[in-house]
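Undergrad:
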Amino acid sequence: MKRSVTVVVLLACAVAFAQQTTNPVTTVVKEILPRQQRNLIAAAEEMPADKFAFKPTPPQMSFATLIMHIAESNNYLCSKIGDVPEPKSPELKEADGKEKLVTALKASFDFCNSALAKVDDSKLGDTVELFGGRRGPRVFAMFALTNDWADHYGAAAMYLRLNGLLPPTARK
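Going left to right, the sequence shown walks through residues 0 to 171 as numbering that gives the first Met the number 0 numbers them.
1) CA-CA distance, Ala52 and Ala43?
2) Is Val189 helix, strand or coil by DSSP?
3) Here's a check: name, in chain order, each residue in its chain whose Cβ is nearer than 7 Å to the Cβ of Leu161, leaving out the five neighbours to either side.
4) Taking the beta carbon of Ser107 as the centre, do at least 16 other beta carbons fall within 10 Å, making it buried, or is it exposed?
5) Would a C-beta distance cut-off of 7 Å place Ile80 and Val118 closer than the cut-off?
6) For Ala149 and Gln35, what's the separation of their Cα atoms in angstroms?
7) Whole angstroms are fine: how far does the CA of Ser113 sit from the CA of Ala154?
8) Under a three-way DSSP split, which group does Leu33 fall into?
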């Protein structure tokens with residue numbers, strides 16, 4: 000009973016929100032962005048430079064590769080979402096070091112902020128190129144972006160904890 004009441008309340012809130020804004024999907028993604036940006040950048044800054052090569056197990060990517068992947072994914076998906084070209088930036092390498100990788104991560108979030116400012120819900124059904132040359136609706140790229148942020152933060156938090164460090168969201 001308690002769960003069904005919670006679901007009804009959440010649905011009522013979602014309907015009320017949707018009625019209050021003409022762009023509920025893009026508005027929510029734009030509201031998620033600052034928190035994920037803050038947490039992912041803080042996680043990258045927390046990891047010591049000498050631990051950027053850390054891999055929990057040999058088949059897993061290094062922390063440096065994770066940060067590089069987040070920056071590249073942000074640039075790719077936000078360009079598709081905002082219908083703007085990806086920024087011209089030097090190709091990143093795992094060996095580039097903490098400073099360069101964190102700078103690229105920050106720049107990718109700056110790019111996402113500007114790219115997302117250009118989209119509203121009226122464009123969500125437009126077809127865009129997705130990973131692997133597939134085509135799909137722009138909204139797919141938006142959902143992939145927010146899912147990536149959550150997934151990547153979870154991985155970064157795990158890497159930090161395995162190195163005896165507290166992730167940003169675990170601090171008081």
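All C-beta atoms, glycine included, are put in the ideal place defined by N, C-alpha and C. From a predicted model like this one, the values you see are computed outputs, not experimental measurements.
TA: Judging by the given coordinates:
1) 12 Å
2) Lying before the first or after the last residue shown, residue 189 is absent from the chain, which here runs from 0 to 171.
3) Pro55
4) buried
5) yes
6) 8 Å
7) 26 Å
8) Sequence check: residue 33 is Pro here, not Leu. The answer is helix: DSSP assigns Pro33 an H, G or I state.
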